[in-house]
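Numbering (this note's numbering), first residue to last: 32 to 269.
Even glycine gets a Cβ: it sits at the ideal position worked out from N, Cα and C.
The structure presented is a predicted model; accordingly, all values stated were derived computationally and were not measured.
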């Protein structure tokens, strides 16, 4: 009975992990394709502030307080059942310093990324001169901040539920997808370079899952073979 209960619990954990992986992949897809398009919309419709657009890529961090609060509440409830104290912060000081350095690097990267996006064809002017109106200007700013946070949250979620390799493969796939969406929404031309990039990214995506399926079958075959090996019986004493 105990073995059956443990097997059922393991199956439930596996199912939950798959659901979380699908959710995080969806969040990553929305952020990875929507954030660059929103930033491009900002520059092509009148925006020109490099520092502001760079800040928007990390300035939506308060959104992260929602999943962090949910995680803390769940840990607190689990700790209350076991009469243990819940830590507000689980990160040790050396790890915190490492992430602080990484944060500075990401901050510099956002500025360079915004500068590169600003090299697209521009129209001068800001909120009161935005091509789609002042309300649309602020909507673009808020949407950009939210989509970049979705992008970062999706990356962390996919790494937690699967691997950093899958996260990198998905990002590589979504990059040319962004160009395809730009063709649809911004009426850009589909050049041969975009087609080649899309083909290569899809090829890598399919190859990854083919390798995962093949490796899974091999591991299952090895486990089955081990379970079928009969245990050696002790020799009877003369």
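Residue 87 by DSSP, collapsed to three states: which one?
helix
Thinking just about the alpha-carbon of each residue, which of 216, 177, 239 and 215 is nearest to the one in residue 204?
239
May I have the straight-line CA-CA distance separating residue 217 from residue 64, to the nearest angstrom?
14 angstroms
Out of 57, 183 and 156, which has the shortest C-alpha to C-alpha gap to residue 93?
183
Between the C-alpha atoms of residue 136 and residue 146, what's the straight-line distance to the nearest angstrom?
15 angstroms
heavy atom of the ligand MG below 7 angstroms from residue 250 C-beta
Inclusion of the ligand MG in the displayed structure is not the case, the ligand content being empty and no account of it being possible.
Taking three-plus beta-carbon pairs below 8 angstroms as touching, is the region 168-188 in contact with the region 69-87?
yes
Quick check: the Cα distance between residue 230 and residue 209, rounded to an integer number of angstroms?
14 angstroms
Can we say the region 49-57 touches the region 97-117, given the rule of at least three CB pairs closer than 8 angstroms?
no
Which runs of the alpha helix (DSSP H) spanning at least 4 residues fall entirely within the region 179-251, listed in chain order?
195-217
Considering just the uninterrupted stretch of the alpha helix (DSSP H) at residue 98, what are its terminal residues?
96-112
Buried/exposed call for residue 161, threshold 16 Cβ in 10 Å
buried
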